[in-house]
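**Q** After the structure tokens below, expect a handful of questions from me.
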Amino acid sequence: MANMELSTIIWLVFVPVCIAIVSTTKIARRRHRTTRRSLPPPPMATGAPLIGILPALLAKGPLQVIRDAHAEMGSVFMVRLLHRKVAFLVGPEVSSHFYQGLDSEISQDEVSRFTIPTFGPSVAFDVDFATRREQFRFFGDAMKPAKLRTYAGLMVREVEEYFARWGQSGTVDLKHELEHLVTLVASRCLFGEEVRSKMLGEVATHLRELNDGMRLVTILFPHLPTPAHRRRDMARARLGEIFSDIVRSRKAACNNSVGRRDAHVDDVLQCLIDSRYKSGRRTTDTEVVGMLVSALFAGQHTSSSTGTWTGARLLARENAGHLRAAVREQERIVARHGDRVDYEVLLEMETLRCSVKETLRLHPPAMVLLRHARRSFVVRSREGEEYEVPEGCTVASPLVVHHRLPYVYGDPERYDPGRFRVPAARREDDEAGAGASAFAYTAFGGGRHACVGEAFAYMQIKVIWSHLLRNFEMEMVSPFPETDWNVVMPGPKGKVMVSYKRRTISAAA
Ligand code: HEM
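What the sequence shown shows, in this note's numbering, is residues 22 to 530, in sequence order.
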């Protein structure tokens with residue numbers, strides 16, 4: 022009885038208290054929302070009726086349009102582009118929700134569906150969020166340090182074989198050479214031997230067509246029947262056929278060699294075939310094919326254009342000092358390790374790492390990252406104003422401007438790899454290195470959707486450039502390249518002509 026009374030008392034006190042807490046919280050939240058609603062939206066850039074900033078974009082190009090709007094309106098502003106409103110967030114102080122926000126609040130889905138014709142069915146933005154996360158986890162598993170150690174050896178072999186074909190001296194289009202080489206390196210790490218024979222010709226051509234088929238117009242109208250989109254669709258269909266054959270033959274080979282330890286293959290294809298969803302389900306052939314295409318696409322153009330820009334920057338006359346520093350670093354490493362280049366030796370190439378990182382600051386292959394505001398959110402601008410970014414609008418983080426902010430990077434137009442130099446004790450294994458502050462450097466994204474291929478990409482570019490620096494004296498004989506803004510991932514425009522002469526560097530103490 023006494024017990025009953027006690028429990029009755031507890032219920033009588035506890036339940037009303039809980040109700041009071043819940044209602045107070047709800048009222049507080051409602052108030053919070055009401056307060057939020059009363060905040061103004063970010064200032065809107067002036068543009069033509071109906072079409073917004075389209076004429077300015079066509080006349081001045083995206084970089085200048087965003088720079089002008091930023092100079093005029095500050096770190097948070099909006100533009101109208103045809104039927105879309107786009108909120109731009111410029112600078113680390115205003116970017117945390119963009120990179121850290123939950124996908125239920127600020128998502129990639131709505132703004133990334135234009136990639137479906139490129140990546141194909143059953144992967145990336147053709148599947149729900151949970152499935153996509155798991156698929157990206159499969160990539161992440163295939164890029165762990167233990168795997169990267171194996172890929173380092175494969176990369177070095179491929180790069181040595183490739184440059185062995187160059188003569189004693191000559192002149193080449195560096196952009197073309199690196200596009201070709203990066204495709205070969207990726208093929209070796211992704212699929213082992215199966216693709217290599219087919220790789221040189223067909224697959225490389227189709228990858229170029231996929232990239233060329235992702236233009237600025239694609240973001241708004243992915244299925245517009247343009248010649249570039251038609252070539253993209255044909256290329257994707259053919260890649261699907263080629264990769265399906267490879268997946269089928271790899272599975273057949275595995276079945277025939279069950280129990281033979283020497284038959285185990287250690288490449289990305291095998292990781293994807295062996296991957297399991299949390300439910301225990303295996304990956305289907307269509308998914309494996311789509312993930313291979315996505316991985317190749319995500320890594321191919323980004324890495325080859327970064328390799329080419331790194332060359333253009335280091336070989337530019339005004340950067341002769343940085344080139345000398347990069348060569349001297351190779352001489353010191355040769356003195357320590359001889360010709361050996363492996364995962365550990367690559368981690369010692371700090372000057373080269375900084376040169377690539379600084380190149381990516383000035384030439385990020387993803388010029389603008391996009392999200393969709395599923396809910397409105399409040400942002401305080403660097404200038405101290407509070408705005409409410411409305412639900413339903415596109416949100417943009419323009420790396421091209423973000424990476425050149427003078428209050429983050431002193432003398433931002435200058436190529437200065439030294440700004441990323443970190444004392445060896447603080448250096449991170451994963452190559453992420455140090456930025457000025459969180460989200461000040463987002464060439465590989467950051468937060469929830471940070472790139473899973475970053476370490477792979479650095480390793481690949483360092484293998485290529487350490488080989489070039491050690492074995493060739495080089496000079497850029499064409500003007501410093503302009504940027505091709507016409508594609509979604511801008512790279513160097515036109516040819517990048519470089520003359521070379523073989524040499525052997527001496528080991529320096
Ligand atoms: C220089 C080379 C590369 C650059 C500059 C780069 C850049 C980026 C950026 C900026 C993002 C974030 C996109 C966003 O937030 O909307 C990203 C995501 C991603 N990247 Fe890379 N990437 C590179 C190489 C690679 C490679 C080699 C792979 C190989 C698999 C890869 C796979 C991915 C994947 C799967 C994501 C999505 C991660 C997620 O949403 O959780 N990337 N990359």
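Each residue gets a CB set at the ideal place from its N, CA and C atoms; glycine is no exception.
State yes or no: is the C-beta of Leu336 within less than 8 Å of the C-beta of Glu496?
**A** Contact: yes.
**Q** Please go through the same chain and pick out, in chain order, the residues whose beta-carbon is closer than 8 Å to the beta-carbon of Gln129, but skip the five residues on each side of it.
**A** Closer than 8 Å at the Cβ level, and outside the excluded window around Gln129, lie Phe146, Leu391, Arg392, His393 and His470.
**Q** Could you tell me which residues DSSP puts in a beta bridge with Met312?
**A** According to DSSP, which records beta bridges pairwise, Met312 is partnered with nothing at all.
**Q** Is Ser125 near the ligand HEM, with its Cβ less than 7 Å from a heavy atom?
**A** Ser125: no, Cβ never under 7 Å from the ligand HEM.
**Q** Look at the alpha carbon of Gly439 and the alpha carbon of Leu344, and state the distance between them as a whole number of angstroms.
**A** Taking the straight line from one Cα to the other gives about 12 Å.
**Q** Considering only residues of the same chain and omitting the five flanking positions on each side of Asn340, which have a CB-CB separation below 8 Å?
**A** Contacts found: Arg334 and Tyr436.
**Q** Measuring only the C-alpha atoms, how far is Phe140 from Ile87?
**A** Roughly 29 Å between the two C-alpha positions.
**Q** Check the C-beta distance from Arg374 over to Tyr479 and give it rounded, since I have them as a contact under 8 Å.
**A** That belief holds up - the Cβ atoms of Arg374 and Tyr479 are roughly 7 Å apart, short of 8 Å.
**Q** Per DSSP, which one or two residues make a beta bridge with Met164?
**A** Answer by DSSP bridge pairing: none, since Met164 is not bridged.
**Q** Using the Cα positions of Val314 and Asn492, report the straight-line distance between them to the nearest angstrom.
**A** Approximately 33 Å between the Cα atoms of the pair.
**Q** Can you list, in chain order, the residues of its chain whose CB lies under 8 Å from that of Gln189, leaving out five sequence neighbours each side?
**A** The answer, listed in chain order, is Lys522 and Arg523.
**Q** Looking at the unbroken alpha helix (DSSP H) that takes in Ala258, where does it start and where does it end?
**A** It spans Pro248 to Asn277 - the alpha helix (DSSP H) in which Ala258 sits, taken as one unbroken run.
**Q** So does the segment 473-490 actually touch the segment 403-415, counting three or more Cβ pairs closer than 8 Å?
**A** No, the segment 473-490 does not touch the segment 403-415.
**Q** Touch check for the segment 365-383 and the segment 307-321: three-plus C-beta pairs under 8 Å?
**A** Taking 8 Å as the limit for Cβ pairs, the verdict is that the segment 307-321 does not touch the segment 365-383.
**Q** Please say whether Val416 and Leu60 have beta carbons closer to each other than 8 Å?
**A** Contact flag unset, no.
**Q** Report, in whole angstroms, the separation of the C-beta atoms of Tyr183 and Leu205, which I expect to be a contact under 8 Å.
**A** Correct: roughly 6 Å between the Cβ atoms.
**Q** To the nearest angstrom, report how far apart Glu406 and Gly95 are at their CA atoms.
**A** Answer to the nearest angstrom: the Cα atoms are 10 Å apart.
**Q** Mapping the DSSP letters down to three states, classify His393 as helix, strand or coil.
**A** Strand, per DSSP.
**Q** Tell me whether Pro438 sits in a helix, a strand or coil according to DSSP, three-state version.
**A** Looking at Pro438 - three-state DSSP - the assignment turns out to be helix.
**Q** At the level of alpha carbons, what is the spacing between Cys414 and Ser527?
**A** Computed Cα separation, rounded: 58 Å.
**Q** Helix, strand or coil for Arg523, going by three-state DSSP, please let me know.
**A** Three-state DSSP puts Arg523 in a strand.
**Q** Is the beta carbon of Val115 closer than 8 Å to that of Ser402?
**A** Taking 8 Å as the Cβ cut-off, Ser402 and Val115 qualify as a contacting pair.
**Q** Give the secondary structure of Arg54 by DSSP, where H, G and I count as helix, E and B as strand, and everything else as coil.
**A** Note that Arg54 scores 46 on pLDDT, short of 50, meaning its location in the model is unreliable; the coordinates nonetheless yield the value given after this. DSSP places Arg54 in helix when its eight states are reduced to three.
**Q** From which residue to which residue does the alpha helix (DSSP H) around Thr139 run?
**A** Its alpha helix (DSSP H) spans residues Ile137 to Phe140.
**Q** Looking at Leu110: is its Cβ nearer than 8 Å to the Cβ of Leu75?
**A** No, Cβ-Cβ distance for Leu110 and Leu75 is not below 8 Å.
**Q** Excluding the 5 residues preceding and the 5 following Tyr428 in the sequence, name in chain order all residues of the same chain whose CB lies nearer than 6 Å to its CB.
**A** Answer for Tyr428: no residue qualifies.
**Q** Got a sec: does the ligand HEM put a non-hydrogen atom nearer than 7 Å to the Cβ of Thr327?
**A** Under cutoff, so the answer is yes.
**Q** Is DSSP giving Leu102 helix, strand or coil here?
**A** The answer is strand: DSSP assigns Leu102 an E or B state.
**Q** Quick one: what does DSSP say Glu365 is sitting in, helix, strand or coil?
**A** DSSP places Glu365 in helix when its eight states are reduced to three.
**Q** Is the beta carbon of Gly68 within less than 7 Å of some heavy atom of the ligand HEM?
**A** Checking every heavy atom of the ligand HEM against the Cβ of Gly68, none is found closer than 7 Å.
**Q** Over the uninterrupted alpha helix (DSSP H) stretch that includes Glu230, give me the two end residues.
**A** Run containing Glu230: Ala225 to Asp233, per the alpha helix (DSSP H) assignment.
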